[in-house]
Amino acid sequence: MPHLLLLLALAFAAAPVFVPFDGFDPNLYPVPQRNPPVQPAGWAFAIWGPIYLWLILGAGVGLWKKRDAPSWQAYRAPLCLSLAVGTVWLSVAERSPVWATVLIWVMLVTAIIAYLRTPRRDRGFAQGPVGLYAGWLTAASSVSVGLLLAGYGVLGALLAAYVALCLALGIGALVQWRRPGAGYPAGIAWALVGIASQNAGLAPGLMVISGAAALGFAFWSVKGLRGPKTA
Numbered sequence: 002m003p004h005l006l007l008l009l010a011l012a013f014a015a016a017p018v019f020v021p022f023d024g025f026d027p028n029l030y031p032v033p034q035r036n037p038p039v040q041p042a043g044w045a046f047a048i049w050g051p052i053y054l055w056l057i058l059g060a061g062v063g064l065w066k067k068r069d070a071p072s073w074q075a076y077r078a079p080l081c082l083s084l085a086v087g088t089v090w091l092s093v094a095e096r097s098p099v100w101a102t103v104l105i106w107v108m109l110v111t112a113i114i115a116y117l118r119t120p121r122r123d124r125g126f127a128q129g130p131v132g133l134y135a136g137w138l139t140a141a142s143s144v145s146v147g148l149l150l151a152g153y154g155v156l157g158a159l160l161a162a163y164v165a166l167c168l169a170l171g172i173g174a175l176v177q178w179r180r181p182g183a184g185y186p187a188g189i190a191w192a193l194v195g196i197a198s199q200n201a202g203l204a205p206g207l208m209v210i211s212g213a214a215a216l217g218f219a220f221w222s223v224k225g226l227r228g229p230k231t232a
């Protein structure tokens with residue numbers, strides 16, 4: 002399993018090289034989604050670089066030093082499943098936002114399960130990278146729902162953004178309450194700053210709420226850095 006995890010982390014990181022992805026094609030939706038308020042600003046997606054590198058580093062350290070450690074065994078299987086789905090996600094997202102949404106929620110659920118199973122004592126190479134990955138996915142999965150709601154005419158773009166925001170905040174708060182940490186809330190905070198930036202001057206209410214929520218998750222992240230490593 003540790004060998005498989007490292008291979009999947011490498012494949013996951015390599016996927017964008019073979020399938021470049023700049024976001025969902027607006028015309029894949031019945032109601033084209035151009036510059037939707039639910040989506041973070043483009044620069045926010047740069048977080049994938051640190052996520053890829055940290056996951057690879059964590060998997061490598063796990064293979065090298067923690068191959069047979071019981072505390073590292075529990076989270077590997079769900080993380081492998083999440084990364085396996087993530088490796089093909091870009092190809093699906095180019096063709097179908099509906100199926101891409103289904104798959105990203107599979108990625109999220111398995112990533113959260115993995116995060117909840119990470120050892121508390123190994124925050125740098127287990128809880129940290131998995132948490133950052135799961136945190137960003139929490140926001141990204143909610144954004145996908147918001148895009149579907151607006152793109153299929155169920156809700157207006159702004160209302161869909163608020164629904165997606167509430168969904169991300171609810172899941173994020175629940176997971177953070179269940180497993181306090183630094184990486185998980187940091188991933189959500191980064192996405193929220195991106196949403197606030199995207200809506201500056203366009204949707205003041207959404208910008209303020211996203212910004213305030215980002216501060217809250219950033220506070221949790223800093224608190225997580227100072228929290229106990231035991232248990």
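This note's numbering applies: residue 2 is where the sequence shown begins, and numbers increase by one.
Just so it is clear, CB atoms sit at the ideal spot from N, CA and C, and this is done for glycine as well.
Where residue i falls, given that 16 or more other Cβ within 10 Å makes a residue buried
i    : result
A151 : buried
F220 : exposed
N200 : buried
S92  : exposed
A47  : exposed
A213 : exposed
P37  : buried
P31  : exposed
K66  : exposed
P235 : With the chain covering 2 to 232 only, the question about residue 235 has no answer from this structure.
V194 : buried
L80  : buried
W100 : exposed
G1   : For the chain, the structure presents residues 2 to 232; residue 1 sits outside this window and is missing.
G202 : exposed
W178 : exposed
Straight-line Cα distance separating residue j from residue i
i    : j    : result
R180 : D123 : 14 Å
C167 : L216 : 15 Å
D23  : G182 : 30 Å
W303 : G154 : Because the chain is modelled from 2 through 232, residue 303 falls outside the range shown and cannot be assessed.
V86  : L133 : 17 Å
L170 : L109 : 14 Å
P51  : G206 : 30 Å
A42  : P71  : 40 Å
P21  : T111 : 24 Å
L226 : P33  : 41 Å
F13  : L82  : 11 Å
W49  : S198 : 18 Å
A192 : S222 : 14 Å
T231 : M208 : Note that T231 scores 44 on pLDDT, short of 50, meaning its location in the model is unreliable; the coordinates nonetheless yield the value given after this. Taking the straight line from one Cα to the other gives about 37 Å.
K224 : R68  : 30 Å
I196 : S142 : 14 Å
For residue j and residue i, believed in contact at Cβ under 8 Å, the rounded distance
i    : j    : result
T102 : V146 : 7 Å
P98  : L149 : 6 Å
L156 : V164 : 7 Å
Y1   : A135 : Not covered by the structure: residue 1. The range shown for the chain is 2 to 232.
I114 : W90  : With a Cβ gap of about 18 Å, I114 and W90 do not count as contacting.
L6   : A60  : 5 Å
Chain D contact for residue i (CB, 8 Å cutoff)
i    : result
G136 : Looking at the structure shown, chain D is missing, and only one protein chain is on hand.
Contact test: residue i Cβ vs the ligand COA heavy atom, cutoff 7 Å
i   : result
K66 : This structure lacks the ligand COA; in fact it carries no ligand of any kind.
Contact between the region 155-167 and the region 12-27: three or more CB pairs below 8 Å?
-> no
Are the region 73-82 and the region 109-120 in contact at 8 Å, needing three or more beta carbon pairs?
-> Output reads yes: the region 109-120 touches the region 73-82.
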